[in-house]
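Using our numbering, the first residue of the sequence shown is number 258, and each one after it goes up by one.
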Amino acid sequence: MLFAEVYLHLDPDRFCCNPCSIPTCSGFQEEALCRAIHQSSPVIDSPRHDVRSALLRFFELAARKDRRVLARLRRHGFAITASAWDFGLVELHGFLQQTDPLFREISYESFRALLFRSPVNQTIGPIGAQIVIGDNQHNVDRSRYALVWR
Numbered sequence: 258m259l260f261a262e263v264y265l266h267l268d269p270d271r272f273c274c275n276p277c278s279i280p281t282c283s284g285f286q287e288e289a290l291c292r293a294i295h296q297s298s299p300v301i302d303s304p305r306h307d308v309r310s311a312l313l314r315f316f317e318l319a320a321r322k323d324r325r326v327l328a329r330l331r332r333h334g335f336a337i338t339a340s341a342w343d344f345g346l347v348e349l350h351g352f353l354q355q356t357d358p359l360f361r362e363i364s365y366e367s368f369r370a371l372l373f374r375s376p377v378n379q380t381i382g383p384i385g386a387q388i389v390i391g392d393n394q395h396n397v398d399r400s401r402y403a404l405v406w407r
């Protein structure tokens, strides 16, 4: 079975990429991202096989102040106070590439698009957290963001 044929049988509503070479996909051109999201196996129900789910789970754990996640962020040089975690998109991408194999082959541009298309604030809002622009540099790559605990 060809790679593209595998995805004809999967639910396209579960995926977050929009056009690529996979027929059921309508987004990113980067094949590595689509492979990471869709995986070449029908075993896609596990969050580890879904980049979008992994990203949302990461933010959910950070929003819940998971000690392991916050400790890893501190070890990688992120500033964390009692009320917020400060980050830039470039450094967050690098951190996730180093700490989660799902993100290793995803370019920064694809990561950024995935992040902006993901319902992060809707996911962490009920937990009492929110992503805000901490320092607006009028460029998403240079601006600073913060996960703020309310």
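All C-beta atoms, glycine included, are put in the ideal place defined by N, C-alpha and C.
- Ranked by Cα distance from R407, the options F316, A336 and A341 are led by A341.
- Its Cα nearest to that of I381, the residue R321 stands out among G334, L372 and R321.
- C-alpha of I384 to C-alpha of E317: approximately 8 Å in a straight line.
- Residue environment analysis places F352 among the buried positions, since at least 16 neighbouring C-beta atoms fall within 10 angstroms of its C-beta.
- Within 10 angstroms of the beta-carbon of D398 lie fewer than 16 other beta-carbons, which makes it exposed.
- Beta-bridge partners of I384 (DSSP): none assigned.
- Check the Cα spacing between Q355 and each of D307, R332, S400 and Q387: the tightest is with R332.
- By the criterion of a C-beta distance shorter than 8 Å, F315 is surrounded in its chain by V326, L353 and D357, once the five residues flanking it on both sides are discounted.
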